[in-house]
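Asker: So the sequence shown is numbered by our numbering: it starts at 343 and just counts up by one. Yeah, the Cβ is synthetic: ideal placement off N, Cα and C, and Gly gets one too. Only a predicted model underlies this, so the values are computations on that prediction, with no experimental measurement involved. One structure, pasted below without further comment.
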Amino acid sequence: MGPESQTQAPQKRIYNSVITNNGVFTALRHLRFSRAVLEVQQRASLKTALLEAKLKNLEGRDLNPREIHELLKMKDNQVEDLRYEAARLRKAHDDLLATYEAKLTKLGVPLEELGFKPLKAVAVAGVSPVIGQCPAGLVAKEQI
């Protein structure tokens, strides 16, 4: 050990002692820990309250099979209406793309100059067409 390292060792020990024994740092660590514990407790109590509300809602319903059947029929009709609306919007989107591409071609602008690749509806595994080819029909900049 050189003379410089001998003088640095006590300074380092003093610095470490001040840092580890300083009440401010200890209080700060305790405050952070307390906040984290409080956040976890709040989230847990919120989840508990939500589950209790759902349970009360389920317990409060005394639906007979006929009411359940009617409810399911109504939900099926809503699903069909939404599927129809989605198909209508896909058709409008594809028609708009075709019109836009035809107009660009008519004006002599190559489609490659758009800077992006337009998404087109694609049928996946017998299911109605979805926009793009990504999982869950997510939109991507470039088709896979």
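1. Span of the alpha helix (DSSP H) holding residue 419?
2. Identify, in the order they occur along the chain, each residue of the same chain with its Cβ nearer than 6 angstroms to the Cβ of residue 484, setting aside the five sequence neighbours on each side.
3. Taking Cβ to Cβ, would you say residue 439 is nearer than 9 angstroms to residue 447?
4. Return the Cβ separation of residue 462 and residue 437 in integer angstroms, given the expectation that the two are a contact with Cβ distance under 8 angstroms.
5. Helix, strand or coil: which one does DSSP assign to residue 396?
6. Would you say residue 413 and residue 405 are within 9 angstroms of each other, going by their C-beta atoms?
7. Which value, in whole angstroms, describes the spacing of the CA atoms of residue 387 and residue 417?
Answerer: To lay it out plainly:
1. 407–449
2. Because the pLDDT at residue 484 is just 45, under 50, the model does not fix this residue reliably, and the point stays unresolved.
3. No, Cβ-Cβ distance for residue 439 and residue 447 is not below 9 angstroms.
4. About 11 angstroms separates the two Cβ atoms, so there is no contact after all.
5. helix
6. yes
7. 32 angstroms
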